[in-house]
Amino acid sequence: MPILYVLAAVVWTAVMWAGFVYVFPPLFGITLAVVTVAAFGYYYVIACRALVPAGAAGLSPVKPSDGRYRHYLVGQVWRDWLALVREVGPRVHRMADASVRRLTTVLLRGWWGFFLFPVWAALCGGIVLAAVPVVLIGAALTVLYAVVAAIGLAGWLVCVALLAGLDRLLSIRGRILQTCPHPSCYRRIGLPVYVCPRCTRRHGRLVPSTAGAFRHVCACGARLPTTVALGRYRLTAHCPHCAGRLPDRIGRVRVEPVPFIGGPAAGKTTFMFLAIRALHARSREIEGHVAFVEQRHQQAYAGAVAEFARGGRLAKTGPELPLATMVDAELPHEHRILYLFDPAGELFTGAASVEALRYLDHSEALVFVLDPFALPEVQRSLTEDERARLRTTSGEAPSDEDPSDTLQRVLNDLRSRKDRGRQRRVAVVVTKTDLLLGTSVGRDVRADPRAWLDSLGLGNTLRTLDQLAEEVRVFPSGLDAPISALADLVGWVAGLTLSARGALIPDLPPDLSEVPPALPLRDPWRPKGRTPDFVPLGHQAGRWTLLTTLSLIPLATSLLTLHHLLP
Numbered sequence: 001m002p003i004l005y006v007l008a009a010v011v012w013t014a015v016m017w018a019g020f021v022y023v024f025p026p027l028f029g030i031t032l033a034v035v036t037v038a039a040f041g042y043y044y045v046i047a048c049r050a051l052v053p054a055g056a057a058g059l060s061p062v063k064p065s066d067g068r069y070r071h072y073l074v075g076q077v078w079r080d081w082l083a084l085v086r087e088v089g090p091r092v093h094r095m096a097d098a099s100v101r102r103l104t105t106v107l108l109r110g111w112w113g114f115f116l117f118p119v120w121a122a123l124c125g126g127i128v129l130a131a132v133p134v135v136l137i138g139a140a141l142t143v144l145y146a147v148v149a150a151i152g153l154a155g156w157l158v159c160v161a162l163l164a165g166l167d168r169l170l171s172i173r174g175r176i177l178q179t180c181p182h183p184s185c186y187r188r189i190g191l192p193v194y195v196c197p198r199c200t201r202r203h204g205r206l207v208p209s210t211a212g213a214f215r216h217v218c219a220c221g222a223r224l225p226t227t228v229a230l231g232r233y234r235l236t237a238h239c240p241h242c243a244g245r246l247p248d249r250i251g252r253v254r255v256e257p258v259p260f261i262g263g264p265a266a267g268k269t270t271f272m273f274l275a276i277r278a279l280h281a282r283s284r285e286i287e288g289h290v291a292f293v294e295q296r297h298q299q300a301y302a303g304a305v306a307e308f309a310r311g312g313r314l315a316k317t318g319p320e321l322p323l324a325t326m327v328d329a330e331l332p333h334e335h336r337i338l339y340l341f342d343p344a345g346e347l348f349t350g351a352a353s354v355e356a357l358r359y360l361d362h363s364e365a366l367v368f369v370l371d372p373f374a375l376p377e378v379q380r381s382l383t384e385d386e387r388a389r390l391r392t393t394s395g396e397a398p399s400d401e402d403p404s405d406t407l408q409r410v411l412n413d414l415r416s417r418k419d420r421g422r423q424r425r426v427a428v429v430v431t432k433t434d435l436l437l438g439t440s441v442g443r444d445v446r447a448d449p450r451a452w453l454d455s456l457g458l459g460n461t462l463r464t465l466d467q468l469a470e471e472v473r474v475f476p477s478g479l480d481a482p483i484s485a486l487a488d489l490v491g492w493v494a495g496l497t498l499s500a501r502g503a504l505i506p507d508l509p510p511d512l513s514e515v516p517p518a519l520p521l522r523d524p525w526r527p528k529g530r531t532p533d534f535v536p537l538g539h540q541a542g543r544w545t546l547l548t549t550l551s552l553i554p555l556a557t558s559l560l561t562l563h564h565l566l567p
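Reminder that position 144 of the sequence shown reads as 144 in full-length UniProt numbering, one-by-one numbering, no gaps.
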């Protein structure tokens, strides 16, 4: 019996020696390689499952934040990697643990386990030690993933900076001013709130940013342009302060606030409609286009034209804060959106009410509408016959408000501005000159209106305006004022070039066909983009680029290694 034990020990030792010398090395190497390749293959399969499909749901769901999707390289790219690590790492560990346990049970359970120990050691050792190359490959892939994402992010940030700078440069070059035309707001607007045409969600920061350089993707999947050059102006815009609707093309063309200043019954509304008439006539002559932004303003103008044609008078302006009459002027070389502010004259009779007219904070031009019959010197110079004739002709009494007092209140308010109320252009419009010419005191008003005002004691007022503005013009106006001269004045006030090729007819429009149109309702802009069930195109492009890079670089590295190793 002892001899049998010795013989068995010798046989077992020989088997172990042969197993560890001839079986263990190749089997261990093969197992190590197979497990490593299998782990990488499993990672690649999971990566394809996570990064290739276009659906928003999946291994790494894509969800919007604050009503829009952030750019893929800002956040989702790292969530994708985290999802891959969480899926692949535990799964590979569980599979390796299960394999070791299964091999132990099968190979070492019976008496044959004494002879298959080298096989078990090779297989289990290969599986366990494969963790080293698997971890190294995972670390290399992580570094490669981070480098590719960082390079892409850097390039994308350059695009964001360039687009934002270009948009800002175009805004500065075009002297783009954006303000709110709505009462009780009148505030300057840095960037409007834009409405998604697909789901009506409002977007407050539609600029090149972390949500996208060229486009932002709304939660509904619509792709919205981020700059004016890319078409942002085609979206419906609202004031970020009061939520009021803003005119079309805002941000693309300059908004020019034009305040009309004057006391009660000074003729501001009449002059405003005469100015619109002249601008419309001149624009047609130079092949331009003038239109009202809102239908109600066109209707008010049409009613005024009809009232003029009947020889009637316009209704008195209400005491509420005014909504700007918005006129879109598209000329051959210049575009403007004119905000014509025509408040009731009573709003200029008190300092508190003048302070409420916050649109004065943004103006570069003023139109001071002066009722000559409100001047004390004119009142004292009128004869009884002239007074009676004026009452019969005009049907209204002149204002008790001295125009100098009205202007002084406005100037006091303007001086509270940072620029001390500095203006580029100020027009002093002497209204009702068609009636004034019939008086002895006013027969020379159209010959030299500035000298005429100076002779009535307004010289200091005019010199004050000269100090306030770069240029001051005095214009005599009336229902019979020549349209050509009035068009030149309106173009100058609005900062427009209205060079005419010929004289315009100075008569009032005989019918309503001369009324500028209202801007037609624009067809809703149809944005491109996927539905929320799919990831945005930018996300899918980023995922595919990453997957392609992570596939080609290891493949190229392997081929180069084999090329150097093989003879």
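Where a beta carbon is used, it is the ideal one built from N, C-alpha and C, also for glycine. Model, not experiment: these values are computed from the prediction.
Do you know whose CA, among VAL445, LEU370 and ALA122, lies nearest TYR22's CA?
Among VAL445, LEU370 and ALA122, the Cα nearest to that of TYR22 belongs to ALA122.
How is VAL207 classed by DSSP in three states: helix, strand or coil?
Correct three-state label for VAL207: coil.
Give me whichever residues DSSP pairs with GLU294 in a beta bridge.
In DSSP, GLU294 forms no bridge with anything.
Who are the near neighbours of LEU436 in its chain, counting only those whose CB is closer than 6 Å to its CB and skipping five residues on each side?
Answer for LEU436: PRO372, GLY442 and VAL445, listed in chain order.
Go through the stretch 423-510 residue by residue and report every complete run of the beta strand (DSSP E) that reaches 3 residues or more, in order.
Fully enclosed beta strand (DSSP E) runs of 3 or longer: 423-430 and 469-476.
DSSP puts HIS241 in a beta bridge; with which residues?
For HIS241, which the question treats as bridged, DSSP gives no partner whatsoever.
Is HIS539 closer than 9 Å to TYR145 when the C-beta atoms are compared?
Against a cut-off of 9 Å, the Cβ pair of HIS539 and TYR145 comes out as no contact.
What are the residues that DSSP puts in a beta bridge with SER65?
Looking at the DSSP assignment, SER65 forms a beta bridge with ARG68.
Between the C-alpha atoms of THR464 and SER404, what's the straight-line distance to the nearest angstrom?
Between THR464 and SER404, the C-alpha separation is close to 11 Å.
Helix or strand or just coil, what does DSSP make of VAL217?
If DSSP states are grouped into helix, strand and coil, VAL217 belongs with the strands.
Taking the alpha carbon of SER551 as the point to measure from, which residue in TYR43, GLY303 and ASP248 has its own alpha carbon closest?
Selected option, being the one with the closest Cα: TYR43.
Around the Cβ of ILE189, are there at least 16 other Cβ atoms within 10 angstroms (buried) or fewer (exposed)?
It counts as buried.
Can you give the Cα-Cα distance for TRP78 and TRP17, rounded to whole angstroms?
Cα to Cα, TRP78 sits roughly 51 Å from TRP17.
So, using beta-carbon positions, are PRO181 and LEU323 closer together than 9 Å?
Result yes, Cβ atoms of PRO181 and LEU323 sit closer than 9 Å.
Which residue or residues does DSSP assign as beta-bridge partners of ASP328?
In DSSP, ASP328 forms a bridge with ALA291 and ILE337.
At the level of alpha carbons, what is the spacing between GLU307 and GLN178?
One C-alpha to the other measures close to 34 Å.
Between the C-alpha atoms of ALA541 and GLY155, what's the straight-line distance to the nearest angstrom?
If you take the alpha carbons of ALA541 and GLY155, they lie about 15 Å apart.
What is the DSSP secondary structure of THR383, reduced to helix, strand or coil?
Here THR383 sits in coil by DSSP.
If the criterion is Cβ atoms closer than 9 Å, does the pair GLY457 and LEU375 meet it?
Contact flag set, yes.
Could you have a look at PHE20 and say whether DSSP puts it in helix, strand or coil?
Correct three-state label for PHE20: helix.
Would you please state the rounded distance, in angstroms, between the beta carbons of LEU235 and VAL195? I believe it to be under 8 Å.
That belief holds up - the Cβ atoms of LEU235 and VAL195 are roughly 6 Å apart, short of 8 Å.
Within 10 angstroms of the Cβ of LEU84, are there 16 or more other Cβ atoms? Answer buried if so, exposed if not.
When all chains shown are included, LEU84 counts as buried.
LEU141 to ILE151, Cα distance in whole Å?
Whole-angstrom Cα-Cα distance: 15 Å.
Report the option in VAL128, VAL74 and LEU453 whose CA atom is closest to the CA atom of GLU377.
Selected option, being the one with the closest Cα: LEU453.
Between PRO259 and PHE341, how many whole angstroms is the CB-CB distance? I'm expecting something under 8 Å.
Sure, about 5 Å apart at Cβ, within 8 Å.
Going by other Cβ atoms of all chains shown within 10 Å of its Cβ, with 16 needed for buried, is SER455 buried or exposed?
With fewer than 16 other Cβ atoms within 10 Å, it is exposed.
Which same chain residues end up closer than 7 Å to GLU330 when comparing Cβ atoms and leaving out the 5 residues on each side of it in sequence?
Cβ within range, chain order: GLY288 and HIS289.
Once DSSP output is grouped into helix, strand and coil, what is the label at ILE553?
Helix at ILE553.
Assuming contact is defined by CB atoms lying nearer than 9 Å, are ALA54 and ASP80 in contact in what I supplied?
No, they are not a contact pair.
List the DSSP bridge partners of TYR194.
Its beta-bridge partners are HIS203 and ALA237.
What are the boundary residues of the beta strand (DSSP E) that GLU256 is part of?
GLU256 -> beta strand (DSSP E) spans 254-261.
Under 9 Å, do VAL224 and HIS203 count as touching if we go by C-beta distance?
A small fix is needed here, since residue 224 is Leu in this sequence, not Val. Closer than 9 Å, so yes.
With a threshold of 6 Å on Cβ separation, who are the neighbours of PRO476 within its own chain once the five nearest residues in sequence on each side are excluded?
If we look at PRO476 and ignore the five residues flanking it on each side, its Cβ neighbours are VAL430, THR433, VAL445, ARG446 and PRO449.
To which residues of the same chain is ALA222 closer than 6 Å at the C-beta, ignoring the five residues directly before and after it?
Excluding residues within five positions, the ones whose Cβ falls inside 6 Å are CYS196, ARG198, PRO527 and GLY529.
Per DSSP, which one or two residues make a beta bridge with LEU370?
VAL430.
Along the chain, where does the beta strand (DSSP E) that runs through LEU224 open and close?
Note, LEU224: beta strand (DSSP E), 223-225.
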